[in-house]
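Colleague:
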Ligand code: ADP
Ligand code: MG
């Protein structure tokens, strides 16, 4: 569609401002939805929408004049509103002596003629006095001015702005854009049967109403429709992909031979929890079924997901297939490697680790072993996704902490081979409808219990002095501690420096104990040796950035101190806390908050009150929105303009139901009434995702 510059009043300079809001075309502008609304109707029946000091009324001018004063020029207008209240409106202008003939109030004098009817929007001079009839005017519109029809006397939109743009201008441009679009008459993409079933407004009406609603009920319908449309498009894309996948069965099978699985279980030293057994059965059933597996394993921090994954990987090895496990950080990949190596050595199953800091000769060896099939199990980071990593017969991929990876990265592993069984794992639980929307057709397994003997981790807020005291107490008893500092401005670089400084200070605080430091800027060998020393209890206190957030497993560590705790998301705090409480001793987590606003306090209280990761996840979803948590926000994937995956989950549910109905009736969207919908679907998803093929 045409550039915004084509609209009246927008030149190249204004267009630059729009670019900052990522608005390039008229279409973009139309889909730039209001941040909120003001009720500017007479008597404002929904004044709850408005800030308390806002005043909106239509009045008749009684008198208006300039007021002589020394350093400023003042213009006053007295208006009479519908209830016969007299309201005093004031404008100030600095006096300038440069141009005597210029009258800054010329326009006001013209507009505020006696008996003129004028819409006034302003703020009470005295914000706390509700009966104060003196106001500072922000906007006014003579009732005779056509612009008053979309600027006042109705529910008006309030947009997110950038410097140089005002809401008054935005409403003006939006009005222009809507008029242009309505003249053009874009087709409604929603299948008519569904729009009717859900009693939605037509698309042009909905678009108009989301900017300029005639009532709150109309606004609600419009918003729901726009959200539904976005969800339905995504759900349909997944639905089509699912059908296509069903048609194509796997060309390989698994047999449970047990020559690896039985000794593996015997050597563990403990039995699987019932939950683990159930989940392993679910996974094995998937692997043996003719369709490729796509299963999400969710389980709280410490619930034992790694061994579940390893069981599946061993079944692959029993059948002569390769398997890969991908983790979001090097430290975690290394740790999985160490765990696997210990177990797999006895079983004579080969395993290697591949990250971006794997040295070239080592990397070459691993790549050729993967290509010729002599390496059965590989653990790594996103380094596994590189094009030159090729497998002889990769059949099973596991993605740990999958929410740390983008949709595209997850998809890339599958491109390595023709057919693949995929197991994704997460400690951040996802409501079922959300999982469906995000990952399409997906089976979910949940670990509902922790291994026996785990005790809740006592969590409290404390100041730094008290925190250090607790650390000293525990170390004295022979335990170990973590002290974690947040990432500063998302930069490992600066954080490393901050941690180094704190590290020096802490050495003075704990002169008797051995301290070590860990951050993302250290080399792989350095990190590895620090982790090894800590695991072997050669050091007592580990001072670190959140690089240790996921997966680290040292049972003798019993204290986790989190500095600047208010800077962490709930999920991160819960993950960090999960680094302790892994052994036989009681463990504690201390949150040290520097800035304690009430919001921060409320969030930290949630962590103190519960150790249940599923409850925490739910609250986090409410507080921050799912995009932030599932890591889809930064990448821009699954960003919805109208819909909110969490708040609108009932609408999402409708979309999923209706998608099934739609595809049952017309699997490839060949009916003429679905043509517009299909066209939009392909525009949106075919290019970006390689998801669907409707040819
Ligand atoms: P997460 O689910 O957070 O990835 P891990 O897989 O790292 O948890 O497991 C945490 C710890 O629990 C590990 O030390 C692991 O060896 C241990 N563990 C796993 N399953 C059991 C079990 N059934 N009984 C006892 N300990 C177990
Ligand atoms: Mg884990």
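Numbering (our numbering), first residue to last: 8 to 702. Glycine included, C-beta positions come from ideal geometry on N, C-alpha and C.
1. Whether or not the region 43-57 and the region 66-80 are in contact is what I'm after, with contact meaning three or more pairs of Cβ atoms, one per stretch, closer than 8 Å; do they touch?
2. Here's a check: name, in chain order, each residue in its chain whose Cβ is nearer than 8 Å to the Cβ of residue 250, leaving out the five neighbours to either side.
3. According to DSSP, is residue 405 helix, strand or coil?
4. Do residue 338 and residue 554 come within 8 Å of each other at the CB atom, strictly closer than that value?
5. Kindly identify the DSSP beta-bridge partner or partners of residue 315.
6. Specify, as a first and last residue, the run of the alpha helix (DSSP H) that residue 270 falls within.
7. Measure the Cβ-Cβ separation of residue 246 and residue 656 and say whether it is below 8 Å.
8. Quick check on residue 32: does DSSP put it in helix, strand or coil?
9. So, with DSSP's three-state summary, where would you put residue 67?
10. Could you check which residue in 184, 575, 93 has the C-alpha nearest to that of residue 34?
11. Tell me whether the beta-carbon of residue 294 lies closer than 8 Å to the beta-carbon of residue 322.
12. In terms of residue numbering, what span does the beta strand (DSSP E) encompassing residue 524 cover?
13. Roughly how many angstroms lie between the CA atoms of residue 376 and residue 382, to the nearest whole one?
14. Sort out for me which residues DSSP pairs residue 626 with in a bridge.
15. Roughly how many whole angstroms lie between the Cα atoms of residue 48 and residue 155?
16. Check whether the Cβ atoms of residue 240 and residue 689 lie closer than 8 Å to each other.
17. Return the CA-CA distance between residue 174 and residue 166, expressed in angstroms with no decimal places.
18. May I have the straight-line CA-CA distance separating residue 334 from residue 198, to the nearest angstrom?
19. Among 485, 124, 143, 125, which residue has its Cα nearest to the Cα of residue 132?
20. Between residue 314 and ligand 1, is the CB less than 7 Å from at least one heavy atom?
21. Below 8 Å, can you find three or more Cβ-Cβ pairs linking the region 450-462 to the region 303-312?
22. What do you get for residue 685, buried or exposed, if any count of 16 or more other CB atoms within 10 angstroms of its CB means buried?
23. By Cβ distance, which residues of its chain are closer than 7 Å to residue 262, with the 5 residues on each side in sequence left out?
24. Taking the Cβ atom as the reference point for each residue, do residue 583 and residue 546 lie within a distance shorter than 8 Å?
25. Should residue 664 go down as buried or exposed, given a rule of 16 or more other Cβ atoms within 10 Å for buried?
26. Could you spell out the range, first to last residue, of the alpha helix (DSSP H) harbouring residue 373?
27. How about residue 662 and residue 242: do their beta carbons lie closer than 8 Å?
28. Use the C-beta contact count for residue 586: other C-beta atoms within 10 angstroms, 16 or more gives buried, fewer gives exposed.
29. Mind checking residue 220: buried by the 16 CB within 10 Å criterion, or exposed?
30. Return the chain-ordered list of same chain residues with a C-beta closer than 7 Å to the C-beta of residue 111, the five sequence neighbours on each side being excluded.
31. Return helix, strand or coil for residue 692, following the three-state DSSP convention.
32. Taking only the alpha-carbon atoms, compute the straight-line gap between residue 649 and residue 668 and give it to the nearest angstrom.
33. Kindly indicate the opening and closing residues of the beta strand (DSSP E) around residue 145.
34. Does the Cβ of residue 573 have 16 or more other Cβ atoms within 10 Å, making it buried, or fewer, making it exposed?
35. Give me the residue from 591, 511, 190, 478 with the minimum Cα distance to residue 462.
36. Applying the 10 Å Cβ sphere with the 16-neighbour rule, what's the burial state of residue 507?
Modeller: Reading off the structure:
1. no
2. 670, 674
3. strand
4. Cβ atoms of residue 554 and residue 338: closer than 8 Å.
5. None; residue 315 has no bridge partner.
6. 268-274
7. no
8. Strand at residue 32.
9. The answer is strand: DSSP assigns residue 67 an E or B state.
10. 184
11. Using a Cβ distance threshold of 8 Å, residue 294 and residue 322 count as a contacting pair.
12. 522-525
13. Distance between the alpha carbons of residue 376 and residue 382: 5 Å.
14. Here residue 626 is not bridged, per DSSP, to any residue.
15. Near 11 Å, if we compare the C-alpha coordinates of residue 155 and residue 48.
16. no
17. 6 Å
18. Approximately 41 Å, taken between the alpha carbons.
19. It is 143.
20. yes
21. yes
22. buried
23. 326
24. In this structure, the beta-carbon distance from residue 583 to residue 546 does not fall below 8 Å.
25. Residue 664 is exposed by the Cβ-count criterion.
26. Per DSSP, residue 373 is one residue of the alpha helix (DSSP H) stretching across 367-379.
27. yes
28. Buried, by the Cβ-count rule.
29. buried
30. 80, 100
31. helix
32. Distance between the alpha carbons of residue 649 and residue 668: 23 Å.
33. 141-149
34. Under the 10 Å beta carbon count, residue 573 is surrounded by 16 or more other beta carbons and is classified as buried.
35. 591
36. exposed
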